[in-house]
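Working notes for the structure below.
Protein chains in written order, with this note's numbering: chain S, 1348 to 1635; chain B, 1348 to 1635; chain V, 1348 to 1635.
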């Protein structure tokens, strides 16, 4: 008997309009009544593996010990593999398709210690069609893990190195500028970039942003409320990255920003030491 | 003391913007703290009893032993009856309005073994208005069933035959064609028809679809990914029915399909035996 | 050791598209595994403190004994205070920002018996940025309360009188008319006014409504179904207030009503005694 788990943390692109998410809950409840299912979100864009992978990577440090069930699965029913990946020596197991969805979260959790390919019929729900692997393959695997079924009993072990990697875009320097990418636009319209405050250390409190449709000067800050009306901020967000933001308005909407867009950060002449003269309202970057 | 239950599976058209769903959870938690509530979905179209009935019927085989709480209730406050319907000799009890919402799920679960009409004041929450029966009538009934209150104590028994039946459209043959109906359009834009692969057995791997706005040739398949870009599929879905689908795009949106639309399936001349010649990429229908 | 709680009832403006709500669930699960989290709603309009306060006030009488976690927090990261407010001598504790969000619910629950300002580092999750107090400050406070941490250990006590009050608009009489305000438009398009049946006692069964874009005669009723096609109702809603409603259609959409809009109720000449003559289908107001 392997370790038992009592929490399944669940993310998908199923949306909430259909009964998909509810049926997955039903399957887990039926097979592992003691397990609690936490919904991370089910509104990942349809088939948007990158967005799902990023959401999971952001959340993973808060996910309780247990099983993660993640399904964004455009290749459902094909020969793409279903996998269960153990991390942190068994503190957690991530279950889902082998399409890069799990990879960034696995990396954030310290890397895979073991992995198996799902597919043993005794752990799969029989179904007339092959289009709902979340219900028929992944949810049962998560539930059986909760019940103490050993990882190696769920499927054949594979070298974690063979799993499809996730692609996280990295910012690059170009002629002294920093070419970044919008990773995520949240519900409030903040556009998270793939750089943190360290990447612009010494640039001063104001930075020029070359956005897809305009160029704006942004103020470095740690709260939205410090931004004046209409002022664009580079706000230190809750994950330690910089987000293009407005106070109580949607920066993404007003500035026309979407995930994947390039944002070029350009150092202003009036940096650091001189900033106080040119921009008397410049705000210090508060580090926490 | 009757049988106790520990799961309430909950479906409604309440949406998630208001606190309706949360308040129902509160009522169940307050009255039956041990019960777990699973949300099937709350985004059934407003007052769309047919859509709610179909969602419940699709899900019911996965719903754990316990109570089902279903509320799509355009007649709330009128003399339409509130009912609790026992199925499978007590394995489950479905609670909701007697407007056909529960009927297809009850049938799928083997039919009603007993039924009562709700209304005993001791099992109803007093409220200033009569518009929120989910909170005041149905949730308390579900909670009291979880606590072991006997079905017959909740209300007067009625002959299950007197309950309003659900109407599930049946496909019909017409001049050798099959006139079907779109039952459901899911989050991914798949349009589920009211026919399965048996209904087109021997028709070959390609079938002509007379859609509301166009005629298309569809390929029978069991996965979305087998479909080429733009190719229309008749995909064997996870409930064993055929769905008009595209790969990673919304068939409903691109072909203009909505629940209730008629889709006429016409047998192509180049069927079965000859298909290989005319359509060299024809895919075999994989049965599972 | 103070009282322990086992339910956290959670409301926010986080929406469900991101993992915000799920991560808050994770934090509570991690710190207080025994606690159940009930989602009231997370679709309060962004930064709409008034709408959040009203939803919480409507729900509070149904919320089980335990902790309420409410986050609509446009001032996150500023010096606005985070608070925990005890009501009913410890039956409940409300946790959230001190911006008026909690105030109407606290009042509905009989007023604050004690309050503390959150901020002790040992009860806060360290985070790189200050923009997600729901995760870092409020959820941990809720979880620690569930675990039996005493209110006074969470922060410095403050006089409840110092907490920011909530603003609930009150209807006023003007030249014999009643000037009301739309408090809430629900999922079904019912526009709840800030008056109940007592406020129009003796006005008869038909009342003239001066709406923002039109004047309509409304029928007092207690069910939607009693309204004929297109007939405007003043329906006694489930919270004991009057709502401008249509049967199975959205009154808010068709009449152009939004929260905050003024609706002037004007007494018709054909009131009470005479109503029966002029309007033979006049419906009695059913009180419950």
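Here a beta-carbon is modelled for each residue, glycine too, at the ideal position from N, C-alpha and C. Since this is a predicted model, take the numbers as computed values, not measurements.
Bounds of any beta strand (DSSP E) do not take in residue 1377(B); it lies within the alpha helix (DSSP H) bounded by 1367-1378.
Ranked by Cα distance from residue 1441(V), the options 1414(V), 1378(V), 1472(V), 1381(V) are led by 1414(V). Boundaries cannot be given for residue 1456(S), as no alpha helix (DSSP H) includes it and DSSP labels it neither H nor E. Contact residues of the stretch 1572-1594 of chain V toward chain S are absent (C-beta to C-beta distance below 8 Å). Boundaries cannot be given for residue 1576(B), as no beta strand (DSSP E) includes it and DSSP labels it neither H nor E. Boundaries for residue 1399(S): no beta strand (DSSP E) harbours it, while the alpha helix (DSSP H) harbouring it runs 1396-1406, taken from the DSSP string. The C-beta of residue 1519(S) has fewer than 16 other C-beta atoms within 10 Å across all chains shown, which makes the residue exposed.
A straight line joining the alpha-carbon of residue 1381(V) with that of residue 1438(V) spans about 18 Å. Closest in alpha carbon position to residue 1428(S), among 1466(S), 1538(S), 1395(S), is 1466(S). Residue 1504(B) carries a strand assignment under DSSP once its states are collapsed to helix, strand and coil. Contact annotation, residue 1494(B) with residue 1379(B): C-beta distance approximately 5 Å; criterion of less than 8 Å satisfied.
For the stretch 1403-1434 of chain B, the beta-carbon criterion of a distance under 7 Å to any beta-carbon of chain S is satisfied by 1405, 1406, 1409, 1410, 1411. Contact of residue 1479(V) with chain S is assigned, a C-beta pair being separated by under 9 Å.
Taking C-beta separations shorter than 6 Å and ignoring five residues to either side along the sequence, the partners of residue 1357(V) in its chain run 1384, 1386, 1416, following chain order.
Contact check for residue 1603(V) and residue 1576(V): beta-carbon distance about 19 Å, past the 8 Å limit, so the pair fails to qualify.
Shown here for residue 1606(B): same chain residues with a beta carbon closer than 7 Å to its own, the five before and five after excluded, namely 1398, 1529, 1530, 1531, 1532 in chain order. Under the Cβ distance rule, residue 1509(S) does not count among the residues neighbouring chain V, no pair being separated by less than 9 Å. With a 10 Å radius around the Cβ and a threshold of 16 neighbouring Cβ atoms, residue 1539(B) comes out buried.
Looking at the DSSP output, residue 1538(V) sits in a beta bridge with 1532(V), 1591(V).
The alpha helix (DSSP H) runs of length 4 or more contained entirely in the stretch 1428-1483 of chain V are, from start to end of the chain, 1450-1455.
The residue among 1407(B), 1446(B), 1444(B) with its C-alpha nearest the C-alpha of residue 1435(B) is 1407(B).
At a cut-off of 9 Å, the C-beta of residue 1361(V) has a neighbouring C-beta in chain S. By the 16-neighbour rule on beta-carbons within 10 angstroms, residue 1391(S) is buried. Assigned with DSSP and collapsed to three states, residue 1499(V) falls in helix. Residue range 1598-1602 is occupied by the alpha helix (DSSP H) that includes residue 1601(B).
By the criterion of at least three beta-carbon pairs nearer than 8 Å, the stretch 1560-1576 of chain S is not in contact with the stretch 1481-1498 of chain S.
The Cβ atoms of residue 1537(V) and residue 1584(V) sit closer than 9 Å to each other.
Taking a beta-carbon distance threshold of 9 Å, residue 1602(S) does not count as an interface residue toward chain V. Apart from the 5 residues on each side of it in sequence, residue 1393(B) sits with its Cβ closer than 6 Å to the Cβ of 1360 in its chain, given in chain order. The shortest C-alpha to C-alpha distance from residue 1482(B) to any of 1457(B), 1443(B), 1556(B) is the one to 1443(B). By the rule that beta-carbons nearer than 9 Å mark a contact, residue 1367(B) does not touch chain S. Annotated as distal: residue 1551(B) and residue 1568(B), with beta-carbon spacing of 9 Å or more.
Chain-order list of chain S residues neighbouring residue 1474(V): 1585, 1586, 1587, 1635, by C-beta distance under 9 Å. Nearest in C-alpha terms to residue 1430(S), of all of 1410(S), 1459(S), 1591(S), is 1459(S).
Taking 8 Å as the upper bound for CB-CB distance, residue 1586(S) and residue 1475(V) are in contact here, some 7 Å apart.
The beta carbon of residue 1555(B) does not come within 9 Å of any beta carbon belonging to chain S, so the residue lies off that interface.
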